[in-house]
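Engineer: Taken in order, these protein sequences are the chains called A and B.
Residue numbers for the first sequence follow the numbering used here, beginning at 1 and rising by one.
Residue numbers for the second sequence follow the numbering used here, beginning at 1001 and rising by one.
Idealized CB from N, CA, C, for every residue including glycine.
All values derive from a computational prediction rather than experimental measurement.
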Amino acid sequence: MITRVPLIALVAVAATALSASAFAQDTIKIGELNSYKSQPAFLEPYKHGIELAVDEINKSGGVLGKKLEVISRDDGGNPGDAVRVAEELVTREGVNILAGTFLSNVGLAVTEYAGKNKVFFLAAEPLTDKITWQNGNKYTYRLRSSTYMQVAMLMPDIVAAKKKRWALVYPNFEYGQSAVEAFKKLLKEKQPDAEIVTEQAPPLGKVDAGAVAQAIDDAKPDAIFNVLFGPDLAKFVREGNTRGTFQNRFVASLLSGEPEYIDPLRDEAPVGWLVTGYPWYAIATPEHKAFLDAYQARFHDYPRLGSVVGYVTIKSIAAGITKAGSTDTDKLIVAFENLKVDSPFGPFVYRASDHQATMGAYVGKTALKDGKPVMVEFKYVDGAAVLPPDDEVKKLRPAGG
Amino acid sequence: MTVQSLLFQAIDGLAAASGLFFVAAGLSLIFGVTRIVNIAHGSLYMLGTYVAATIALRFEGALGFWGGVILTAALIGLFGAVIEIVLLRRIYRAPELFQLLATFALVLIINDAALWIWGPEDLLGPRAPGLRGAIEVLGRRLPTYNVFLIVIGPLVLLILHLALAKTRFGRLVRAATQDREMVGALGVNQGLLFTSVFALGSLLAGLGGALQVAREPASLLTDLIVISDAFVVVVVGGMGSITGAYLAAVIIAEVKALCISIGTASIAGVAFNFSKLTLVAEFLVMAVVLIVRPHGLLGRRQTVMRSLAEPEEPLRPAPAALKAVGAGVVVALALTPLLARSQPYVLVLGIDVLLMVLFATSLHFIMGPGGMHSFGHAAYFGLGAYGAGLLVKWFAATMPFGLVAAPILALLGALLFGWFAVRLSGVYLAMLTLAFAQIVWSIATQWGELTGGSNGILGIWPSAPFDIRSAFFLLTAALTLLGVLLLRRLLFAPFGYAMRAGRDSQLRAEAIGIDVRRVHWIGFAIAGAVAGVAGGLFAFAKGSISPETIDVGRSIDALVMVLLGGIQTLTGPIVGASVFAVLQDTVMRQTEYWRALLGAIILALVLLFPAGIVGGLARLRLRLVRP
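So this is what it looks like as structure tokens:
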């Protein structure tokens, strides 16, 4: 049952491996992997953000006098492929810095790989708390505000709304579960008399929107906490609008103010929802203005939140290498502790205690302006303000480091 | 939850049922006549949503929307005809199921084409003009568009039913569904019939997609979601039965609506969230229906189909040359760790290739010589991986124990599922195995307390001395070799002959005293156990295991590898798996549109080697030897 073709295959592998080993000494390579094919709406702008950051850095002389080179790979959207891609970047391309990932479970698998193989990993987008807490390790840092942070940012307004009966709707995978867990915990602490009247957990990407919106309406809640995003969100909003599910109800919704998720809804976008998001059109700070102008000049398109994440991921790594004075893994890990980075959202740091960045998010209400969805009455919430203190975090990180 | 809310959800469910019915009806027609398992049917549906949304956004108003729906259906129908004429017609004479490969390639290409044309963001079309509001039913608001869907579904069913019952075209379709060869022998132009059926099926998919525009955004994720739903509906209803498809669509939509409206309920004091069941509900329904009614609700037992392909040659022991090549490969594998000193990635990819070889060979064992086309082989790969992972997670076991547990759990799963599966044949067997695989997948996804849910199980690393890559590679190579040789040996043992006899003629095999079901059952279990070994090794190679690793995509990958290599040869799965794994790894690095490129390469291979790569090479050699 054995033929010559596997031989040919092995030879082909060897040949491609050899041809790629040409190694330029005057560049610093960063291995980047993400679910480009399975989550394109977020990740195309993200890739643009990366390109912009790499250009800016290289035009101003690079890092430690060397040019930055990002090698991007598709991680296949699942943990098994992602680990192989990570191994490929490390063993074939010879990188010792990994960055990227979107889905929480993929991010966790790469976190695990990085810890085991002692490779530096900056998780860009995956939101689950486990990456920095339960499953956190010495080699992994994370940029985006975690689900806990996002929920905590909404909490003051949720408590102020004084709603008793809550309905929850979330995609049934790590991100949704982890958001709802944080919500329940915080609600119980801050408003012990609130109760949860229904909980809908449709599968990711397959929400039966009409039935879900109806079931929520039937439960007669005072308020709804939503974690759906992408096509699920669009379906849910359309059905809910037709059925009056959102009428006279307070809705708090994670990520729904991000342009990649709310813009496709156009004039049907919900009004008056409390959301976290990115109002790029109305952020007046000089650092954001500079980013916005550079981005629009280059891509003739407005940035999405993904653009900011991609941009800041690269800027963070550049700042880390500069501070470490080398790309040595151990030095880089130390350099990232309390590393200060300037981002379009203003300066933030990577906490030494749990390796979580304090880059915050914008919290506001959704509205319509000229038939387009926007965020109004928004404010920037610093991540540091919603993270638990260091001694509490220590207990959450069994592996420590 | 009140009786009224349940009743309302039930009415609402009928709208969802209509949507399911359109896709399923087209798929059922196409399969009934051409016997093509058209995986690209969901892609046609997806194209329908994009085209209709684009038209409706460009030309606003009632004409833009409703005219767009009709135009879209026509365009997608035309596109289907083109696919049939340009591509599928060339490979009707290939071994059965081979056309599946071509449609798989189309899925990849169409998805990337849609990304290129419409961009990554979801495209939300307008609401239906004239049907934006809602009417009051049972004190709740039922969208008028849903009322329209509830009516249009049965209407299309009636039209199709009349067309099939009363027209000449309909009679031909029914005749071809029952006995295609006979229809051909009676002088019916089969080419025209196939093209028109394929076009009609595609038109229905396009119509279904276009009508969803008012409810949901066009998204690149819909193709695979829709195809799995459509298969379930078709099989539950009975292949080729349009009325059955509608009935099945209603049942499945209603079960889902019920799960959602119950929400969280407490059973014997334990709170259970029924809304999480929607993921698995349709597959549970399918498994139950197929076990009770093996040919679906309204399906009939199908006549034995003589394949259009040339009859398969008997298996022969390996000639000396092949043995020499085999020995060469073994030596090359043993020496690979030396090469890896300078090229460490060779080991990483090598392990993946070997695992896929073992996995594909185990599928081929039941699919080729066993004649059991399992569409859910990922279940046993997954059981193996989870068997190893769970032991490590809950009992802190080391790798040797994990690797023993892997095939045992897979074997038990295969024994259980196989017992039901071998009672069916053909596409019903394929779909029952798929249902079982989806049930395993859903358990892995939903039973978070045990399996870690969507995160899976992390931290499954090999123990010393295999924590060094080269050692793990050699272990993988040794186990793969052992597995492949064992399966090969079995095929040349009396057991293997009995299994093949059962495939070729059940009646004759039983007449000479072979208990065909039992032999096939044992074969199924052995293949499952071997796939479990591959799964266990996979978990240790990646350090983690999660539900995506065992979803329907992995089952399809396995089918593709077997078909690509050539189902009628024993070396086929080895070659197919190696080529596919290396190709995927290489292509993923090359271009942004790697899926389209992979699809194009598979399409080229399909057209060049209609008997698979090894089959094609063998024929080439025959032609050279005997001019």
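For my contact list, Gly1048 of chain B and Ile1076 of chain B are in at a C-beta cut-off of 8 Å; report their separation, rounded to the angstrom.
Structural biologist: In the second sequence, the residue the question calls residue 1048 of chain B occupies position 48. In the second sequence, the residue the question calls residue 1076 of chain B occupies position 76. Indeed, because the Cβ distance is near 5 Å, the residues count as touching under 8 Å.
Engineer: Check the Cβ-Cβ distances between Tyr1145 of chain B and every residue of chain A, and say whether any is below 9 Å.
Structural biologist: Indexing the second sequence from 1 puts residue 1145 of chain B at position 145. Chain A, which has a Cβ nearer than 9 Å to the Cβ of Tyr1145 of chain B, makes this yes.
Engineer: Determine the DSSP secondary structure at Ile1468 of chain B, reduced to helix, strand or coil.
Structural biologist: Within the second sequence, residue 1468 of chain B is the residue found at index 468, counting from 1. Coil.
Engineer: Give me the DSSP bridge partner(s) of Val376 of chain A.
Structural biologist: Your numbering for residue 376 of chain A matches position 376 in the first sequence. Per DSSP, A:Lys365.
Engineer: Buried or exposed, going by whether 16 or more other CB atoms sit within 10 Å of the CB of Gly31 of chain A?
Structural biologist: Start at 1 with the first residue of the first sequence, and residue 31 of chain A comes out as number 31. Buried.
Engineer: Name the chain B residues that come within less than 9 Å of Thr198 of chain A, Cβ to Cβ?
Structural biologist: The sequence position of residue 198 of chain A within the first sequence is 198, counting from 1. Here the neighbours are Gly1263, Thr1264 and Ser1275.
Engineer: At the level of alpha carbons, what is the spacing between Lys411 of chain A and Leu108 of chain A?
Structural biologist: It is not possible to answer for residue 411 of chain A, since the shown part of chain A is limited to 1 through 401.
Engineer: Please list the terminal residues of the continuous alpha helix (DSSP H) segment that includes Asn58 of chain A.
Structural biologist: Taking the first residue of the first sequence as 1, we reach residue 58 of chain A at position 58. Note, Asn58 of chain A: alpha helix (DSSP H), Pro40 to Lys59.
Engineer: Does the segment 1004 to 1017 of chain B touch the segment 1160 to 1174 of chain B, meaning 3 or more C-beta pairs lie closer than 8 Å?
Structural biologist: Because the criterion of three Cβ pairs below 8 Å is not met, the segment 1160 to 1174 of chain B and the segment 1004 to 1017 of chain B do not touch.
Engineer: So is Thr128 of chain A in contact with chain B if we call contact Cβ pairs under 9 Å?
Structural biologist: What you label residue 128 of chain A is simply residue 128 of the first sequence in a count that begins at 1. For Thr128 of chain A, the answer is yes, since a Cβ of chain B falls inside 9 Å of its Cβ.
Engineer: Along chain B, which residues have their Cβ under 8 Å away from the Cβ of Ala109 of chain A?
Structural biologist: As a working note, residue 109 of chain A is residue 109 in the first sequence. Result: Gly1456, Leu1458, Lys1542, Gly1543, Ser1544 and Ser1546.
Engineer: Please report the residue range of the alpha helix (DSSP H) in which Asn1146 of chain B lies.
Structural biologist: One-based indexing of the second sequence puts residue 1146 of chain B at position 146. Counting along the chain, the alpha helix (DSSP H) containing Asn1146 of chain B begins and ends at Thr1144 to Lys1166.
Engineer: Quick check on Ser253 of chain A: does DSSP put it in helix, strand or coil?
Structural biologist: For this step, residue 253 of chain A is matched to residue 253 along the first sequence. Here Ser253 of chain A sits in strand by DSSP.
Engineer: If you follow the alpha helix (DSSP H) that Leu1014 of chain B is part of, which residue opens it and which one closes it?
Structural biologist: The residue given as residue 1014 of chain B occupies position 14 in the second sequence. Looking at the DSSP string, the run of the alpha helix (DSSP H) that includes Leu1014 of chain B is Val1003 to Thr1034.
Engineer: Please go through the same chain and pick out, in chain order, the residues whose beta-carbon is closer than 8 Å to the beta-carbon of Gly1402 of chain B, but skip the five residues on each side of it.
Structural biologist: On the second sequence, position 402 is the one that residue 1402 of chain B refers to. These residues qualify, in order along the chain: Gly1387, Ala1388, Gly1389, Leu1391, Val1392, Ile1460, Gly1536, Ala1539 and Phe1540.
Engineer: Smallest Cα separation from Leu1474 of chain B: which of B:Val1346, B:Gly1064, B:Leu1603 and B:Ala1081?
Structural biologist: What you label residue 1474 of chain B is simply residue 474 of the second sequence in a count that begins at 1. Cα-wise, what sits closest to Leu1474 of chain B is B:Val1346.
Engineer: With respect to the alpha helix (DSSP H) encompassing Pro231 of chain A, which residues constitute its N-terminal and C-terminal limits?
Structural biologist: As a working mapping, residue 231 of chain A is identified with position 231 in the first sequence. Note, Pro231 of chain A: alpha helix (DSSP H), Pro231 to Arg243.
Engineer: Can you round the beta-carbon distance between Gly1599 of chain B and Ala1105 of chain B to whole angstroms, since I take them to be within the 8 Å contact cut?
Structural biologist: Here the question's residue 1599 of chain B lines up with position 599 in the second sequence. Here the question's residue 1105 of chain B lines up with position 105 in the second sequence. Their Cβ separation, rounded to whole angstroms, is 4 Å, which keeps Gly1599 of chain B and Ala1105 of chain B in contact under 8 Å.
Engineer: What number of angstroms, rounded off, separates the C-alpha of Val95 of chain A from the C-alpha of Glu69 of chain A?
Structural biologist: Along the first sequence, one-based indexing puts residue 95 of chain A at 95. Along the first sequence, one-based indexing puts residue 69 of chain A at 69. If you take the alpha carbons of Val95 of chain A and Glu69 of chain A, they lie about 10 Å apart.
Engineer: DSSP state of Pro1573 of chain B, grouped into three classes?
Structural biologist: Indexing the second sequence from 1 puts residue 1573 of chain B at position 573. Reduced to three states, the DSSP call for Pro1573 of chain B is helix.
Engineer: Spell out whether any CB of chain A is found under 9 Å from the CB atom of Leu1220 of chain B.
Structural biologist: Locating residue 1220 of chain B in the second sequence gives position 220, counting from the first residue. Yes, because at least one Cβ of chain A sits closer than 9 Å to the Cβ of Leu1220 of chain B.
Engineer: Look at Thr1571 of chain B and Val1530 of chain B and say whether their C-beta atoms are less than 9 Å apart.
Structural biologist: On the second sequence, position 571 is the one that residue 1571 of chain B refers to. On the second sequence, position 530 is the one that residue 1530 of chain B refers to. Their beta carbons are not under 9 Å apart, which means Thr1571 of chain B does not touch Val1530 of chain B by this criterion.
Engineer: Go through its chain and collect everything with a Cβ distance to Val334 of chain A's Cβ below 6 Å, but skip five positions before and after it.
Structural biologist: Reading the first sequence from its first residue, position 334 is the one you call residue 334 of chain A. No residues qualify anywhere along the chain.
Engineer: Let me make sure I understand the geometry here. Which of A:Ile71, A:Thr101, A:Leu64 and A:Val159 has the alpha-carbon closest to that of Lys37 of chain A?
Structural biologist: Working through the first sequence from its first residue, we reach residue 37 of chain A at position 37. Among A:Ile71, A:Thr101, A:Leu64 and A:Val159, the Cα nearest to that of Lys37 of chain A is on A:Thr101.
Engineer: Sorted by chain position, which residues of the same chain lie with C-beta nearer than 6 Å to Thr1591 of chain B's C-beta, five sequence neighbours on each side aside?
Structural biologist: Sequence index remark: in the second sequence, residue 1591 of chain B carries index 591 (1-based). Leu1597, listed in sequence order.
Engineer: First and last residue of the beta strand (DSSP E) that includes Asn34 of chain A?
Structural biologist: Stepping through the first sequence from its first residue, residue 34 of chain A is reached at position 34. It spans Thr27 to Asn34 - the beta strand (DSSP E) in which Asn34 of chain A sits, taken as one unbroken run.
Engineer: Quick check: what's the CA-CA separation for Arg351 of chain A versus Ile57 of chain A?
Structural biologist: Position 351 of the first sequence, counted from the first residue, corresponds to residue 351 of chain A. Position 57 of the first sequence, counted from the first residue, corresponds to residue 57 of chain A. Those two C-alpha atoms are separated by around 24 Å.
Engineer: Could you name the residues of the same chain whose beta carbon sits closer than 6 Å to that of Leu10 of chain A, not counting the 5 residues immediately before and after it, in chain order?
Structural biologist: Taking the first residue of the first sequence as position 1, residue 10 of chain A is located at position 10. With a pLDDT of only 47 at Leu10 of chain A, under 50, the local geometry of the prediction cannot be trusted, and the value read off the model is given with reservation. Excluding positions up to five away in sequence, the list is empty.
Engineer: Quick one: which residues of the segment 313 to 343 of chain A get their C-beta closer than 8 Å to a C-beta of chain B? List them in chain order.
Structural biologist: Those residues of the segment 313 to 343 of chain A that come within reach of chain B (Cβ to Cβ, closer than 8 Å) do not exist; the list is empty.
Engineer: Interface residues of chain B around Tyr113 of chain A at Cβ under 7 Å?
Structural biologist: Taking the first sequence and counting its residues from 1, the one referred to as residue 113 of chain A is at position 113. Here the neighbours are Gly1543.
Engineer: Quick check: the Cα distance between Ile1468 of chain B and Asp354 of chain A, rounded to an integer number of angstroms?
Structural biologist: Counted from its first residue, the second sequence places residue 1468 of chain B at position 468. Counted from its first residue, the first sequence places residue 354 of chain A at position 354. Each residue's alpha carbon lies about 30 Å from the other.
Engineer: Let's test the definition: count the other Cβ atoms within 10 Å of the Cβ of Phe1524 of chain B and tell me whether it reaches 16, buried, or not, exposed.
Structural biologist: Taking the first residue of the second sequence as 1, we reach residue 1524 of chain B at position 524. Its Cβ being crowded by 16 or more others within 10 Å, Phe1524 of chain B is buried.
Engineer: Going along chain B in order, which residues have a C-beta closer than 7 Å to the C-beta of Lys37 of chain A?
Structural biologist: Counting from one through the first sequence, the residue named residue 37 of chain A turns up at place 37. Under the 7 Å cutoff, chain B gives Arg1595.
Engineer: Name the chain B residues that come within less than 9 Å of Gln177 of chain A, Cβ to Cβ?
Structural biologist: Numbered from its first residue, the first sequence carries residue 177 of chain A at position 177. Near Gln177 of chain A (Cβ distances below 9 Å), the residues of chain B are Gly1448, Gly1453 and Ser1454.
Engineer: Mind checking His1373 of chain B: buried by the 16 CB within 10 Å criterion, or exposed?
Structural biologist: Position 373 of the second sequence, counted from the start, is the residue given in the question as residue 1373 of chain B. It is buried - the Cβ of His1373 of chain B has at least 16 other Cβ atoms within 10 Å.
Engineer: Rounded to whole angstroms, what is the Cα-Cα separation between Asp74 of chain A and Glu51 of chain A?
Structural biologist: Indexing the first sequence from 1 puts residue 74 of chain A at position 74. Indexing the first sequence from 1 puts residue 51 of chain A at position 51. Answer to the nearest angstrom: the Cα atoms are 16 Å apart.
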